[in-house]
Every structure is written in structure tokens, then in C-alpha cells.
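Respectively, the protein sequence lines represent chains A and B.
Quick note on numbering: the working numbering labels position 52 of the first sequence as 52, and the sequence is numbered without any gaps.
Here the working numbering runs 1000 ahead of the position in the second sequence, where the first position is 1.
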Amino acid sequence: MKVRIRFSKKGALVYIGHLDVMRYFQKLFRRASIPVEYSAGFSPHQLLSFTPPLPLGMESDGEYADVELTGPVASEEALRRLRAASVPEIEIHSFKALPEKCENAMASVAASEYTVRFSASPDINLKEAVASFTAKKEVLILKKTKKSEKEIDLRPLVYSIGCCEECIRMLISSGSSDNIKPELVINAIIAPYGITVGRSDLIMRREDQYTSSDGSLISLDDVGAVII
Amino acid sequence: MDKLALENRILMSVDKPARYIGHEVNAVYKDPEGRIRFCMCFPDIYEIGMSHLGIQILYDMLNSFDDVWCERVYSVWTDLHKIMKDEHIPLFALESQEPVRSFDFLGITLQYEMCYTNILQILDLSGIPIYSRDRSDDDPIVICGGPCTYNPEPVADFFDLVYIGEGETSYRELLDLYKECRGQGFDRKSFIRKAASIPGIYAPSCYEPEYNPDGTIKDFVPLYEDVPEKIEKQVVSELSDTYYPLKPVVPYIKATQDRVVLEIQRGCIRGCRFCQAGSVYRPLRERDEKTLERFAREMIKNTGYEEISLSSLSSSDYRELGKLCDFLIREFKDEHINISLPSLRVDAFSLDVMSAVQDIRKSVVTFAPEAGSQRMRNVINKGLTKDDILNGCLQAFLGGWTRVKLYFMLGLPYETEEDMEGIAELSNEIAKLYYDTIPKEERQCKVSIVSSTSFFVPKPFTPFQWAKMDTMDEFRYKAHVVNEAMRRQLNYKSIRYNWHAADVSVLEGVMARGDRRLSSVIYRAYENGALFDAWTETFSMEPWELAFSRCGIDPKFYYNRERPFDEVLPWDFIDTGVSKDFLIRECKNAEKAAVTPNCREKCSGCGAAKYTGGVCYES
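The structure is reproduced here in C-alpha cells:
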């Protein structure tokens, strides 16, 4: 059976990369005696899939790992063992069975939710800036890829956006097609004021990741069901 | 957010920031209040330092003491080094992220000579005065240990104390003395002098060398009556009953040694004459097999590692190796745990084990004949005959292996061109053996023989400690002789030949047998920019050449000079148990190419039996 695990990555551990997180989980499963299935062949490895890499330096409350098990474990029991074997900076939130024929974590992501703060607040009315962004029908920006630059309309890829105090919360398109980075949206919001920011000027946090189901977005956490 | 010593801006700008954040699985956190703060350092980058078993043992031991909190620090890579220098950021320990300078102790392990400038980086970035004599009561006590302390003299002036031998025995006494002194209003000098009487503790400032007009040492004497003349190497006599890290710290980033390490024995019975470890770690002591089974189970459970590696010199001499391997294979077969067995003699047994635990297509059979001719192998007392090697290869080829790695040394004493050419001839014979035994239709690919030579560096406490080491030009010539001989071999297309850089070996040779006058050279080299000298990408001879000439020191005096048996050597004040008489006897045997039996065949009376344990008392 396939199981989905939701976890947070926080504190000092924002400085460990995606591959190190994968290696961390491989060892965590062993410490917690989770019966993980291995691939066949000469160099067997755990059957494990993660949501797209979290950028270095970013916290997250909504990271996911899908893992194939050799047999069932009750969610409560698995959570108890995983939590006991994990460091506090990687917090395990859920352990749920996925339905048959479910897309893996990496492939199923359609949108991500972020909160963004400025390390030094710009001298603008952020609420107004966000409101005027929202009011637009079209926001054309240049999106750089490895090979070229292309013009895209950012507006329809921002599903919702709000502003509270000095913090912007946004739900934006992500995944294999139309992957949008939150700093791209921030720069589009503040562009009319003649300012740009880099990633190091922002404190960002991934809140959750979503998949599309029958035309609506649901949290990756809500795809699976608790194992009793 | 946890407290981190470095700002986000800095961590985001350096390579592998995970090196500097701590918080690993099994890292130890304690309330610092009232505790002795000990910072343990491996003076190389995190990935190397985290792979070192010795530090893990001491970390575990010191943290098992309730009144101590031991943390770790490693060298910072050149990118962060520059930032910390420019912005005056003090070096910090990984766990608490607090400045190293605020600790009670800074312990540095000396694993290889080429880390000496890295020691200065640690002190420099910490804001601790480089020279012991310049430190105040506010600075930590800086202590070192590890293999290079068998001649600590080149770095003696940088250390307040040097721990000679195995760390498990004397630290408790040292810490108790520290507490006692701290209770009485701490005075650094008097603490150091008192510590000098603890077994295995050497306090360089309590001794002074006197030199002859020719630059050799005339005398090396204690300055005070209550300080011992000789420092006795510390040894754990019962290995099954000592500290072992059953919960080793597990790094996030991939360390060089990314696995559970099971130390099966200490010491070696072989008596290879070039090998320092084989001499200073005497006598051989085995760890009880049942104990190792328990360690293996617990460590796998506590770390989640997918690989377990046996560690020791010459593992094949462990008498219960078969039983232990059977256990490991049986216990972990279904858990997808790899077993790796380095330093194993290649024979039917080890190939059997290897084929059970590894993928033959990927694995390589490794031999360390060390010398190309049988005569030369007798000179160095390497108890490995050509028949052993060819038989081992034959078995390996029949078992499906096609890759062989061979390690040799160049520049050994009494070496002739014939011996050098022997390296090429042996490589060729092994290739020929493959083509002779494996029929054409069964060959999946060409056989691959990789032969590597390193340059011999004479080390203290070996029978070659008096020997003259070759110059760079001589080394290059010898590598050229081997290379030419390789080209003449029939099967040279199946053989690849690599040789090490000669300049690093020469520098290592200077440090290995140097004395206190080298400390100023090391300091100058560091100021000239030498750092990470053990890394080919960062090593440069230039800062060193400049330092030698500025200090008016001729490196050849240290490496390219044969010493008479009666010369006072810088490390003579250390008693490793192995007597000088034995080393002289062995040196003379080398000249005659006479083989000395190993400890289990016949005791040669080296002197290590004074440590009441191990192979000297096996029945």
C-alpha cells in the first residue's frame, strides 16, 4: 500500500537541501521501523517520492512524501514512531493511505500556498499594491527559463492573494506546467513602484500544496485517509 | 527559529550551509549551566570530520559524563573563512552555536600532518592566541590527540596539552583536575603544570629542547622536577568494556563515511616496517564478537544507516571474523543493509563474504602489495607473497570479478630500479593471469588493473624513522621509471598507472619528523595563505617555500637526511611501549631483507607486552 506523509521543515533545517531531506527520510523510516518497500534489482532503494524541492532557506508546513509499504501500519502508531525518531525541526503531521492509482506527490502538485514577508519593509502601501494587482485582468511578465525568456500572463496563475499586516499570502500555480515562484508574484506587485527584490530580501514559507480534483484544488493531505 | 551563529544572508551565500548548523540526529544538547564546556574539533571540513570514529567515541564518552557538555567544530571552507575574517565573526561550536573561545576546552584531533595550517585557522577564527604562551585565563585549554601526536613537536607551541594514546583512559582525571583548579581560582599555568603529571598528558611548555651546533637535538628536558621525563602512551587494555558510540551523530549531508562503523579490533600483528599505525597502536586487542553483534544491532536501530562497515587494521587477523560476518549477513540480509569490509586479505573466505554482500560487477578487489618485488616486500616485512596475490586474483577472476586495484609505495629504503619495475611486472602478471584463466567466450569485458603508487614518508616509531626520504626529483624519476616499465608490458592496455603528487609528500615528510622550530614555519605558511593543504584543489607549495626561506629553515634537514641511531629524536620523550632496541633490530633486519614473524607466529619482544592485554597474552 502507498502512504502519504505530511511534514514541516523548519528552523536550522531550512539549510539542508532536497536530496538531504530524502536521505533523512530513508533513515527515519528505518529508525521508526516503518515497513518500507524496496525496489527490485541490484541496488535496491526505498520506493519513495517527494513533492517538488523546497528552495534552500525556505520554511514549510506542507511538504509531502509518498512511500510504498510492504504492509499496513495504523496512522496513530506510525505517527508515534516517526515523531519519536525525528528531529524537532522536521515535524510529522499526518500518515495516510492513498487510494489506488493515485498520482505520486511530485506529479500531482497543481498549486502551492505561500506566505511572504519582507526582511526590510519597502516604503509602499502593501494593501493597496496587492489590491491593484488583484484588480488587473492581465499582468504580463517576462519569465526566465534556463534557455530563454518568454512573456506570460501571471494574473490567471495567481488563484488567490491576500494581505495582512506586513505579510502576503498567496495561492499560486505550481507543478510541472506553469510553475510560478512566489518572488515572481511579489515583484509583479511592487513593479509599479519601481522596486524589485531578490529572494534573499524575502522571508518565505510554503504553507501547503494542492492538487486539482474535479476542477477544484484540494490539499495533498486530503487525498489520503487515516489508517485505523 | 533556532539560534544560529550565522545570519541567513551568510548561510545562503556559502557552499553547503548544512555544514554549519548542527541539529543532527543524536547530537547532544545539554544545559550549559555549571558544566565543563568541551569543544571537540576535527580540523578539516564537516564531511571529513563527521566520518571519523575517534571523535564520535570521545564525543560519546565526554557527554556520558554528567558534568561535561561536549560539542563539535570543524574547519570552515574557504568561502566562509573569508566572510568570517572580513566580518569578524568568531568561530562557533555546532550544537550551542556559541563562540569556541568561551569554552573550557578545545580538543583538536591530529589525523594527518597536512592539517596543521587548519589548526591555526581554528585558533585564528576563534580569536584564541595562536601560541600557547600568549593565552590568558579566559582562553580555553587547547589540547590535541590522535596519530600525529606521536611526534607533536612541530605543533607543540600551539597546544597547552597533548594527549598521547587512546582517549578513553585519562580524560576523567584531567577534567577532575580542571574542576579542582577552577574551584580554587583558576590559574592557567599551574593547571597545565599539574596536568603534566597525569598519565599520557604532555605539556609542551614544561619542557625545553637544547640544540647542537649542527642543528640536531642535544637534550630535551623537563623544566620542573615534578614533571615526568617520559610520557607513556595510553592504551585501553579491555576493548569490550569501554566507551562506544551506540548513538553516533548522523549528518544530513553525505559524509565521506556515511555508515555505521564497527571497530572490531585495535592494533596489528603484522609489523610492516613502514607502518606507524602498526607500531603505535600495539598491542593488538580484539573486541568480543558477541559485544560487536549487540553494537551492530543497536547502532543500526539508532541511526537508520543502510550500511555497516568493519573497521580495523588488517581485519583478516580478527579471529572471529567468520562468525561476525555470518551474523551480519544473517541479521541484516532482509533489511537491505550493505556490509563493507575494508582492509581484508583477499582469499577464498573474503571473496565468499564479498559475493554475499556486494554486487560483484561493481566491486573491486584490492591488494596492497606495497612493493613490486618479493625482496622489497621482505625489506618492509609485508607478509604477502606473489603467490598470495596471484592466488587471490585467480579466485577473484573465477568468482566473476574483473577489476583489481593495487597499491604500492615508491622511495622505500634499499629500493633499486628492479624493485620499481617489479610494480609494472606484477601488474602485468595479474592481467595475464586473467587472460590465461578466463576463456575468451566467458569474458564480459577487459580486465582492469589500476596500480597506484604513493611516495614513502618515514614516520616516527617505525624501523625506518632514521631513514633518508627521497627528494621531489628522485620521486618524479621513480614514477617515470615505473611508467616506462608499464609501457613495456604486454598487457599495458589493461593497466592504468597513477602516482601521487610529490610536493605534498615531501612536506608531510618534513612535518612527520620535525621539531619545535617548525612551528614558526607553519604559522608563516598560514599567514601566506596555506590552508586545506590535504586538498589537491587548495594545496600550493608556494606559501610553504616562502615560509621556509623566511624562517631560514632547510626542509632537507628534516626529510632528506639519514639519522644515526644515537641521535636524540624529537619524539624520544614518548614511550609507546615499543622499544628503540626493537626498532633498531628491525631496521637492521630490513637491510638484510629478513622477515620477522607476526605477533601470533612468534613474539619478537617489541616491548608492547608491558600493556597487560591483547595478543601478547593470547593463549
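Ideal Cβ placement from N, Cα and C applies to all residues, glycine included.
So, helix, strand or coil for residue i, using DSSP?
{"i": "B/Ile1048", "result": "helix"}
{"i": "A/Lys143", "result": "strand"}
{"i": "A/Leu220", "result": "helix"}
{"i": "A/Ala65", "result": "strand"}
{"i": "B/Leu1410", "result": "strand"}
{"i": "B/Leu1246", "result": "coil"}
{"i": "A/Gly162", "result": "strand"}
{"i": "A/Ile172", "result": "strand"}
{"i": "B/Phe1367", "result": "strand"}
{"i": "A/Asp153", "result": "strand"}
{"i": "B/Cys1272", "result": "coil"}
{"i": "B/Val1404", "result": "strand"}
{"i": "B/Val1100", "result": "helix"}
{"i": "B/Arg1550", "result": "helix"}
{"i": "B/Phe1455", "result": "strand"}
{"i": "B/Trp1544", "result": "helix"}
{"i": "B/Phe1565", "result": "coil"}
{"i": "B/Cys1325", "result": "helix"}
{"i": "A/Phe42", "result": "coil"}
{"i": "B/Asn1008", "result": "helix"}
{"i": "B/Gln1265", "result": "strand"}
{"i": "A/Asn179", "result": "coil"}
Which bits of chain B does residue i rub up against, with CB to CB less than 8 Å?
{"i": "A/Arg80", "result": "The premise fails here: A/Arg80 is roughly 16 Å from chain B at the closest Cβ pair, so nothing lies under 8 Å."}
{"i": "A/Tyr159", "result": "Chain B residues near A/Tyr159: none, gap ~29 Å exceeds 8 Å."}
So who's on the other strand from residue i, going by DSSP bridges?
{"i": "A/Arg205", "result": "A/Glu59, A/Thr115"}
{"i": "B/Ile1349", "result": "It should be pointed out that residue 1349 of chain B corresponds to Phe in this sequence rather than to Ile. According to DSSP, B/Phe1349 bridges with nothing at all."}
{"i": "A/Thr211", "result": "A/Ile218"}
{"i": "A/Ile90", "result": "A/Lys9"}
{"i": "B/Asp1219", "result": "B/Glu1210"}
{"i": "B/Ile1231", "result": "B/Ile1574"}
{"i": "A/Ala97", "result": "A/Val3, A/Ala225"}
{"i": "B/Glu1071", "result": "B/Cys1039"}
{"i": "B/Gln1358", "result": "Answer is none; B/Gln1358 lacks a bridge partner."}
{"i": "B/Phe1092", "result": "B/Pro1099"}
{"i": "B/Val1260", "result": "B/Ile1308"}
{"i": "B/Phe1295", "result": "Partner(s): none; B/Phe1295 has no beta bridge."}
Taking Cβ-Cβ distances shorter than 7 Å, what residues in chain A pair up with residue i?
{"i": "B/Gly1399", "result": "Near B/Gly1399 there are no residues of chain A at all, since even the closest Cβ is about 16 Å away, more than 7 Å."}
{"i": "B/Leu1004", "result": "Ala12"}
{"i": "B/Met1050", "result": "Those within 7 Å of B/Met1050 in chain A number zero; the least Cβ separation is about 13 Å."}
{"i": "B/Asn1008", "result": "Gly57"}
{"i": "B/Tyr1252", "result": "Ile16, Asp20, Tyr24"}
Could you name the residues of chain A that residue i contacts, counting a contact when the two beta carbons are closer than 8 Å?
{"i": "B/Ala1018", "result": "Tyr15, Ile16, Gly17, Asp20"}
{"i": "B/Asn1598", "result": "Within chain A, no residue comes near B/Asn1598; the closest Cβ sits about 38 Å away, beyond 8 Å."}
{"i": "B/Leu1011", "result": "Tyr15, Gly57"}
Could you name the residues of chain A that residue i contacts, counting a contact when the two beta carbons are closer than 9 Å?
{"i": "B/Lys1301", "result": "Arg30, Arg31, Ser33"}
{"i": "B/Tyr1305", "result": "Lys27, Arg30"}
Residue i touches chain B at which residues, Cβ-Cβ below 7 Å?
{"i": "A/Val87", "result": "His1023, Val1025"}
Just the chain B side, please: which residues come within less than 9 Å of residue i by C-beta, in chain order?
{"i": "A/Arg44", "result": "Position check: residue 44 of chain A holds Pro in this sequence, whereas Arg was assumed. Neighbours of A/Pro44 on chain B, chain order: His1336."}
{"i": "A/Tyr38", "result": "His1336"}
*Between the region 1317–1350 of chain B and chain A, which residues of the former have a C-beta closer than 7 Å to a C-beta of the latter?*
His1336
*Which residues, in order along the region 8–27 of chain A, keep a beta-carbon less than 9 Å from a beta-carbon of chain B?*
Lys10, Gly11, Ala12, Leu13, Val14, Tyr15, Ile16, Gly17, Leu19, Asp20, Val21, Arg23, Tyr24, Gln26, Lys27
*Quick one: which residues of the region 1571–1582 of chain B get their C-beta closer than 7 Å to a C-beta of chain A? List them in chain order.*
none
*Quick one, which residues of the region 188–205 of chain A are near chain B if we go by CB-CB under 7 Å, in chain order?*
Per Cβ criterion, the list reads Ser200.
*So, do the region 1143–1150 of chain B and the region 1102–1116 of chain B have three or more beta carbon pairs nearer to each other than 8 Å?*
yes
*Touch test, the region 1283–1290 of chain B against the region 1313–1320 of chain B, Cβ-Cβ under 8 Å, three pairs minimum*: Touching, yes.
*asked:* Pairs of beta-carbons, one from the region 1200–1216 of chain B and one from the region 1027–1034 of chain B, closer than 8 Å: are there three or more?
replied: no
_the region 1397–1416 of chain B in contact with the region 1445–1462 of chain B per 3-pair CB rule at 8 Å_ = yes
*Is there contact between the region 1032–1044 of chain B and the region 1006–1014 of chain B, where contact requires at least three CB pairs shorter than 8 Å?*
no
_What are the residues in the region 105–121 of chain A lying within 9 Å of chain B by C-beta distance?_
Ser119
*Which residues, in chain order, does the region 1256–1276 of chain B contribute to contact with chain A at a C-beta distance below 9 Å?*
Asp1258
*Any 3 or more C-beta pairs closer than 8 Å across the region 1197–1204 of chain B and the region 1225–1235 of chain B*: Yes, they touch.
*Do the region 1268–1284 of chain B and the region 1595–1615 of chain B meet, that is, are 3 or more Cβ pairs less than 8 Å apart?*
yes
_the region 1573–1589 of chain B contacting the region 1480–1497 of chain B, beta-carbon criterion three pairs below 8 Å_ = no
*Could you say if the region 1185–1195 of chain B and the region 1112–1123 of chain B meet the contact criterion of at least three C-beta pairs nearer than 8 Å?*
no
_Does the contact criterion of 3 or more C-beta pairs under 8 Å hold for the region 1493–1508 of chain B versus the region 1453–1472 of chain B?_
yes
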